[in-house]
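Q:
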Amino acid sequence: MVWIANVAYWLLATCVAAGLGAIGFLWERMRRQLNQVLPTEQKVTLYPSLPTMPKSFEELVGQTNELGPFLKVLDQYRKFYPSSSLPKNVALGVVIWILTFIAFLATGIGS
1 MVWIANVAYW LLATCVAAGL GAIGFLWERM RRQLNQVLPT EQKVTLYPSL
51 PTMPKSFEEL VGQTNELGPF LKVLDQYRKF YPSSSLPKNV ALGVVIWILT
101 FIAFLATGIG S
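All residue numbers for the sequence shown refer to my numbering, where the first residue is 1 and numbers rise by one.
(1) Less than 7 Å between C-beta atoms, sequence neighbours within five positions excluded: which residues of the same chain meet that for residue 97?
(2) Within the same chain, show all residues whose beta-carbon is closer than 6 Å to that of residue 74, passing over the 5 residues directly before and after it, in chain order.
(3) Determine the extent of the alpha helix (DSSP H) in which residue 44 is found, giving its start and end residues.
(4) Would you give the residue range spanned by the alpha helix (DSSP H) that residue 12 belongs to?
(5) Have a look at residue 92 and residue 40 and give me their C-alpha separation to the nearest angstrom.
(6) Starting from the C-beta of residue 101, find all residues in its chain whose C-beta is less than 7 Å away, skip the five residues before and the five after it, and write them out in chain order.
(7) Round the Cβ separation of residue 34 and residue 89 to the nearest angstrom and send it over; I've been treating them as touching at under 8 Å.
(8) Taking just the CA atoms, how far does residue 107 sit from residue 1?
(9) Taking the C-alpha atoms as reference points, what is the distance between residue 113 and residue 9?
(10) Measure the CB-CB distance between residue 46 and residue 31 and report whether it falls below 9 Å.
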């Protein structure tokens, strides 16, 4: 019975690692293609800019749009490359990674 849990653990861990690698690879490819067509002042950095430190508790709790910079990049990419399948592939990779991570937690192997 223990060997089944070990196989499940390694399978799910491999899926999580491969999913993150694929998402990172596709995102970097999309970023490079976008930077080729954007002017210098609008170039997309590897990581989105970090928000400034909150000045009050309301600002700390009220920051709900963490995906804003990523969605902006996806919108820019869609404007320049409307027929590209890269945004769909990134979204599919994120969904698969989330489902695999949920399965990883549901098995109770990590606890």
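No residue lacks a Cβ here, since even glycine has one placed at the ideal position from N, Cα and C. From a predicted model like this one, the values you see are computed outputs, not experimental measurements.
A: On the basis of the supplied data:
(1) In chain order, 16, 19, 20, 23 place their CB closer than 7 Å to the CB of residue 97, counting only its own chain and leaving out the 5 sequence neighbours on each side.
(2) The residues are 87.
(3) Looking at the DSSP string, residue 44 is not in any alpha helix (DSSP H), and its letter there is neither H nor E.
(4) Counting along the chain, the unbroken alpha helix (DSSP H) around residue 12 starts and ends at 2-37.
(5) Residue 92 and residue 40 have their alpha carbons spaced roughly 30 Å apart.
(6) Correct list, in chain order: 16.
(7) In this structure, residue 34 and residue 89 do not form a Cβ contact; the two beta carbons are roughly 15 Å apart against a cut-off of 8 Å.
(8) Roughly 13 Å separates the two Cα atoms.
(9) With the chain running from 1 to 111 in the structure shown, residue 113 is simply not present.
(10) Cβ distance < 9 Å, so residue 46 and residue 31 count as in contact.
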